[in-house]
Ligand SMILES: [Zn+2]
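In this note's numbering, the protein residues as written are 12 to 250.
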């Protein structure tokens, strides 16, 4: 291979590597994982809200339960007083009975409230279970997508590795000065360092070169410089 042919092959190879790297970066599985993670974070917020609701309802139930127990104890104490027979004053007895009735009504109200809270707690737990199921499903899907991404990405990475090896073999064929020039131009010219002169056009910048300049270039060495984009211009390639 002539230097010009090596330069053109190297240009092709570098473009192919850049395309493969872009494909790796844009694998649909990667995007899907990112989107799913966003969704999972949203579900986690909903889950935290549902869990807080359950905790609050449970605390209210416990409080109502305690209050009902306290009221029952008071009722028991009053009841014992009534049954003891120690109180003979009818007025005092009547007051005690009235107090007991009030305590019983209060206890009924607390127990009614507790039942309502228990219904809320049940629906809250059901909601939480639903959110947990959605979360578990999402996490399983995320893992499957990551596995798929690793598999596809791994294949692409292996392929890119082979492409790089091939590229290094090509680059090693160039004289060090020409190799350095190629690399410098690749860095400053959007990844493309060389073009081919074809029908008076530079294949890199696709600019028509005036015919008198083409003639001068054709009369010169195999590797020239594009008068427009200043890239290496391969004047002729052996057919
Ligand atoms: Zn050019």
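Even for Gly, the Cβ is constructed at its ideal location relative to N, Cα and C.
{"Item": "Secondary structure at residue 37, three-state DSSP: helix, strand or coil?", "Value": "coil"}
{"Item": "According to DSSP, simplified to helix, strand and coil, what is residue 250?", "Value": "Caution is warranted here: a pLDDT of 47 is assigned to residue 250, below 50, making its placement in the model unreliable, and the coordinate value is therefore given only provisionally. Three-state result, residue 250: coil."}
{"Item": "What runs of the beta strand (DSSP E), each 3 residues or longer, lie entirely inside the region 113 to 152?", "Value": "none"}
{"Item": "Report all residues from its chain with a CB closer than 8 Å to the CB of residue 90; omit the five preceding and five following residues, and keep chain order.", "Value": "111"}
{"Item": "Find the nearest neighbour of residue 214 within the set 245, 199, 223, 233, judged by alpha-carbon distance.", "Value": "245"}
{"Item": "With C-beta atoms as the reference, is residue 206 less than 8 Å away from residue 242?", "Value": "yes"}
{"Item": "Let's test the definition: count the other Cβ atoms within 10 Å of the Cβ of residue 208 and tell me whether it reaches 16, buried, or not, exposed.", "Value": "buried"}
{"Item": "Tell me whether the beta-carbon of residue 156 lies closer than 8 Å to the beta-carbon of residue 55.", "Value": "no"}
{"Item": "Grouping DSSP H, G and I as helix and E and B as strand, with all else coil, what is residue 233?", "Value": "coil"}
{"Item": "Compute the minimum distance between the beta carbon of residue 218 and the heavy atoms of ligand 1, and state whether it is under 7 Å.", "Value": "yes"}
{"Item": "I want to check one thing, is the minimum distance from the CB of residue 11 to the heavy atoms of ligand 1 below 7 Å?", "Value": "An answer regarding residue 11 cannot be provided, because it is not within the stretch 12 to 250 covered by the chain."}
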